[in-house]
Amino acid sequence: MRRTAYTVIGVLILCVMLFPVYWMVNASLQPSGNTLTAGFLPLNPTFSGYRRALDEQGGNLVTSMIIAAGTVVLSLAIATPCAYALSQFRSRWVSIGLLAILISQMIPGIVIANALYTAYERLGLLNSIPGLIVANCSSGIPFAILILRSFMLSLPPSLVEAARVDGAGLFRALVSIVLPISKNSLITAGLFSFLFSWSDFLFALTLTTKGGVRPVTLGIYQYLGTQVQNWNAVMATAVLSAVPAIVLLIAAQKYIAAGAIGGAVK
Amino acid sequence: MVTLTRTTVAGREKVRGRRHRGESLTKVLFVLPAVVAMVALFGYPVVKNLLMSLQDYGLKTFFTGVAPWVGLKNYSTVVTDKLFSDAMLNTALFTVGSIAFQFAIGLGLALFFHKKFPLSGLLRSLLLLPWLLPLIVSSATWRSILEQDNGILNRTLMKLHLIGDPVPWLNSPSVALIAVIGVNIWIGIPFNVTLLYSGLAEIPDELYEAGQLDGATGWRSFWYITWPNLRAVASVLLMLGVVYTIKVLDIILGLTGGGPANATQTLATQSYEKSFIDFKFGQGAALANILIVISFVFAIFYLRSTRRAIDE
Numbered sequence: 001m002r003r004t005a006y007t008v009i010g011v012l013i014l015c016v017m018l019f020p021v022y023w024m025v026n027a028s029l030q031p032s033g034n035t036l037t038a039g040f041l042p043l044n045p046t047f048s049g050y051r052r053a054l055d056e057q058g059g060n061l062v063t064s065m066i067i068a069a070g071t072v073v074l075s076l077a078i079a080t081p082c083a084y085a086l087s088q089f090r091s092r093w094v095s096i097g098l099l100a101i102l103i104s105q106m107i108p109g110i111v112i113a114n115a116l117y118t119a120y121e122r123l124g125l126l127n128s129i130p131g132l133i134v135a136n137c138s139s140g141i142p143f144a145i146l147i148l149r150s151f152m153l154s155l156p157p158s159l160v161e162a163a164r165v166d167g168a169g170l171f172r173a174l175v176s177i178v179l180p181i182s183k184n185s186l187i188t189a190g191l192f193s194f195l196f197s198w199s200d201f202l203f204a205l206t207l208t209t210k211g212g213v214r215p216v217t218l219g220i221y222q223y224l225g226t227q228v229q230n231w232n233a234v235m236a237t238a239v240l241s242a243v244p245a246i247v248l249l250i251a252a253q254k255y256i257a258a259g260a261i262g263g264a265v266k
Numbered sequence: 001m002v003t004l005t006r007t008t009v010a011g012r013e014k015v016r017g018r019r020h021r022g023e024s025l026t027k028v029l030f031v032l033p034a035v036v037a038m039v040a041l042f043g044y045p046v047v048k049n050l051l052m053s054l055q056d057y058g059l060k061t062f063f064t065g066v067a068p069w070v071g072l073k074n075y076s077t078v079v080t081d082k083l084f085s086d087a088m089l090n091t092a093l094f095t096v097g098s099i100a101f102q103f104a105i106g107l108g109l110a111l112f113f114h115k116k117f118p119l120s121g122l123l124r125s126l127l128l129l130p131w132l133l134p135l136i137v138s139s140a141t142w143r144s145i146l147e148q149d150n151g152i153l154n155r156t157l158m159k160l161h162l163i164g165d166p167v168p169w170l171n172s173p174s175v176a177l178i179a180v181i182g183v184n185i186w187i188g189i190p191f192n193v194t195l196l197y198s199g200l201a202e203i204p205d206e207l208y209e210a211g212q213l214d215g216a217t218g219w220r221s222f223w224y225i226t227w228p229n230l231r232a233v234a235s236v237l238l239m240l241g242v243v244y245t246i247k248v249l250d251i252i253l254g255l256t257g258g259g260p261a262n263a264t265q266t267l268a269t270q271s272y273e274k275s276f277i278d279f280k281f282g283q284g285a286a287l288a289n290i291l292i293v294i295s296f297v298f299a300i301f302y303l304r305s306t307r308r309a310i311d312e
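Chains A and B supply the protein sequences, listed in that same order. Position 183 of the first sequence, counting from 1, maps to 183 under UniProt numbering, and the rest follow consecutively. Position 283 of the second sequence, counting from 1, maps to 283 under UniProt numbering, and the rest follow consecutively.
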């Protein structure tokens with residue numbers, strides 16, 4: 001009896017906490033113009049907000065997708081061998097490296113943006129997808145190193161040892177033994193790199209100066225810029241931008257807690 | 001699968017010796033890309049900001065390539081700006097207010113979900129959603145909720161006769177900061193719940209059983225068993241909270257843009273405005289560096305509290 005009461009209270013807490021998420025979906029389905037005066041339920045749902053969102057922000061969604069995918073690939077490619085090295089080799093450089101990663105997390109994004117803007121200006125990387133991918137790796141790489149290393153630490157040394165006795169070099173041992181076993185932690189690191197990059201707003205805001213390359217977070221910000229005209233289009237874009245988070249939550253539940261805890265060391 | 005071949009110890013040693021040189025090169029190659037990336041993405045920006053903060057680095061620098069050295073002038077300019085003390089105060093209020101409530105509510109919810117009941121795990125993972133949403137999406141959503149005339153919050157509060165007139169949540173200098181802090185608390189709760197819950201899960205049940213024999217129940221068991229065992233997680237969480245909250249930009253820009261009348265301007269938003277709206281990169285860098293110094297003071301506490309965790 002008491003347990004059921006707890007479940008009821010838990011559901012109520014969840015309703016309160018997730019109300020804004022519900023409201024976002026509700027508002028996205030309301031007819032344009034009177035969105036804010038709309039009721040609690042989308043009794044006459046319309047998809048005009050979505051039509052408009054896809055019209056105006058569809059390209060930006062694709063841009064975000066390309067940038068996030070690029071960030072995942074680049075972050076994992078750089079972080080994986082490093083995490084492996086940091087987990088396998090005993091050296092005082094390991095703790096220095098980890099300390100450097102921790103300190104890097106104290107550096108505000110605006111510092112990175114300031115410096116990259118001036119460098120990109122010279123290198124011609126402003127308003128470019130590669131430029132944003134590289135900038136977003138500043139959150140992907142350290143996170144991936146920490147997640148992957150903490151998993152690889154748990155691998156029994158005999159595993160790699162065996163491969164090497166058979167004549168495999170370090171690189172082959174990594175590719176054919178360590179990587180397949182580390183699949184889950186690679187997925188976790190990859191998912192979070194994707195999410196960090198997908199959510200990026202600061203680099204999108206500072207490292208793009210004209211319309212050519214515009215991630216969807218920046219699109220939403222520009223909707224919010226002046227008096228908001230069409231709340232249903234804004235909220236429809238918000239819903240579309242929330243899809244990766246929702247998919248992540250449903251598909252990868254078991255990895256998320258690990259990621260959140262890994263993020264604590266971050 | 002690789003099978004263990006039978007090799008004599010001596011044979012293994014020989015193979016290792018031959019490989020040794022090649023392997024130390026491989027080790028370097030493994031780490032090198034990450035080192036390069038970290039230096040380019042963190043090392044270079046810190047040095048560059050330090051230099052920029054000592055230069056008159058403005059819009060014309062991009063055309064002429066010239067950025068004259070001005071010593072500490074940028075620092076004195078930003079510190080004596082009448083906005084600076086406001087921004088400092090807002091940063092402090094935003095950080096302390098956000099973290100105190102995120103932590104307190106997070107702890108309450110973690111304790112609640114730690115009780116065993118049906119669906120507890122499912123509800124707890126759904127609770128993570130606000131943390132996974134892009135911050136600008138949360139900002140946009142909350143802006144619609146907090147809208148003065150037609151926002152659902154004011155409409156509900158008025159219907160309940162809790163307020164007579166709509167509250168200008170984001171439009172009044174006296175309320176805007178509270179509203180922004182409130183939104184940031186909402187965003188931070190899931191992360192706090194998750195970490196504190198994992199901290200609670202690590203406390204062995206035997207401690208509570210032993211405590212019960214000694215008469216420690218309810219508040220006493222929390223105070224004498226739960227809290228002392230949670231302190232390591234809590235201190236890491238609080239320091240992390242400071243380091244992350246102090247540099248938050250998305251939420252404030254999305255909700256108020258630092259307004260109204262600079263009421264929600266923080267060091268981070270100021271730094272952004274100086275660099276990217278006014279194109280005074282020298283001053284923006286000076287503000288950012290002040291932000292780094294403040295973060296580092298907390299970082300020292302943070303590193304001390306996590307040192308044990310890293311060594312393990």
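Here a beta-carbon is modelled for each residue, glycine too, at the ideal position from N, C-alpha and C.
DSSP three-state assignment for residue i, whether helix, strand or coil
i: Gln212(B); result: helix
i: Trp69(B); result: strand
i: Gln55(B); result: strand
i: Met24(A); result: helix
i: Gln57(A); result: helix
i: Arg52(A); result: helix
i: Trp227(B); result: helix
i: Gln270(B); result: helix
i: His161(B); result: coil
i: Glu206(B); result: helix
i: Pro215(A); result: coil
i: Phe47(A); result: coil
i: Asp166(A); result: coil
i: Gly97(B); result: helix
i: residue 338(B); result: Residue 338(B) falls outside the range modelled here, since chain B spans only 1 to 312, and no answer is possible.
i: Pro142(A); result: helix
Rounded straight-line distance, which links the Cα of residue j to that of residue i
i: Trp198(A); j: Ala113(A); result: 17 Å
i: Val31(B); j: Pro81(A); result: 7 Å
i: Lys247(B); j: Phe201(A); result: 13 Å
i: Ala195(B); j: Val233(B); result: One point to set straight first is that residue 195(B) is Leu, not Ala, in the sequence displayed. Distance between the alpha carbons of Leu195(B) and Val233(B): 7 Å.
i: Val11(A); j: Trp23(A); result: 17 Å
i: Arg143(B); j: Met158(B); result: 18 Å
i: Ile294(B); j: Ser53(B); result: 16 Å
i: Met1(A); j: Ser176(A); result: 53 Å
i: Glu121(A); j: Ile250(A); result: 40 Å
i: Cys15(A); j: Ala92(B); result: 31 Å
i: Ala10(B); j: Asn184(A); result: Here Ala10(B) scores only 49 on pLDDT, less than 50, and its place in the model is too uncertain to base an answer on.
i: residue 313(B); j: Ile277(B); result: Given a span of 1 to 312 for chain B in the structure shown, any question on residue 313(B) remains unanswerable.
i: Gly169(A); j: Phe298(B); result: 43 Å
i: Val242(B); j: Asn192(B); result: 13 Å
Residues near residue i by beta carbon distance below 7 Å, same chain, minus five either side
i: Ser182(A); result: Leu148, Phe151, Met152
i: Trp186(B); result: Pro130
i: Val25(A); result: Val239
i: Gln283(B); result: Asn74, Thr77, Val78, Lys274
i: Val8(A); result: none
Residue i - containing alpha helix (DSSP H), residue span
i: Gly121(B); result: 120-126
i: Glu121(A); result: 109-123
i: Ser198(B); result: 176-202
i: Val247(A); result: 231-251
i: Leu207(A); result: 202-207
i: Ile277(B); result: Unbroken run through Ile277(B): none, as it is neither H nor E.
i: Asn184(A); result: 183-199
i: Thr256(B); result: Here Thr256(B) belongs to no alpha helix (DSSP H), and DSSP marks it neither H nor E.
Cutoff 8 Å; reference residue i; Cβ partners in own chain excluding five residues on either side
i: Tyr117(A); result: Leu126, Thr206, Leu207
i: Thr245(B); result: Phe94, Thr95, Ser98, Ile99, Asn184, Gly188
i: Ala119(A); result: Leu125
Close-in-space but distant-in-sequence residues of the same chain around residue i (CB under 6 Å, 5 per side omitted)
i: Ser48(A); result: Ser32
i: Leu133(B); result: none
i: His114(B); result: Leu200
i: Ala216(B); result: Tyr224
i: Ala163(A); result: Ala173, Ile177
i: Gln57(A); result: Val216, Gly219, Thr237
Tell me which residues of the segment 67-100 of chain B have at least one Cβ-Cβ distance to chain A shorter than 7 Å, keeping chain order. none
In chain order, what residues of the segment 23-34 of chain B put their CB closer than 8 Å to some CB of chain A? Glu23, Thr26, Lys27, Leu29, Phe30, Val31, Pro33, Ala34
Between the segment 19-32 of chain A and chain B, which residues of the former have CB atoms less than 7 Å from a CB of the latter, in chain order? Pro20, Val21, Trp23, Met24, Ala27
What residues from the segment 262-294 of chain B come within 7 Å of chain A, judged by C-beta to C-beta, listed N to C? Ala268, Ser271, Tyr272, Ser275, Phe276, Phe281, Gly284, Ala285, Ala288, Leu291, Ile292
Compile a chain-ordered list of the residues in the segment 133-147 of chain B whose CB is closer than 8 Å to at least one CB of chain A. For the segment 133-147 of chain B, which is checked against every Cβ of chain A, the residues closer than 8 Å are Leu133, Pro134, Leu135, Ile136, Val137, Ser138, Ser139, Ala140, Thr141, Trp142, Arg143, Ser144, Ile145, Glu147.
Please list, in chain order, the residues of the segment 215-226 of chain A that have any C-beta partner in chain B closer than 9 Å. Answer set for the segment 215-226 of chain A: Val216, Thr217, Leu218, Ile220, Tyr221, Tyr223, Leu224, Gly225.
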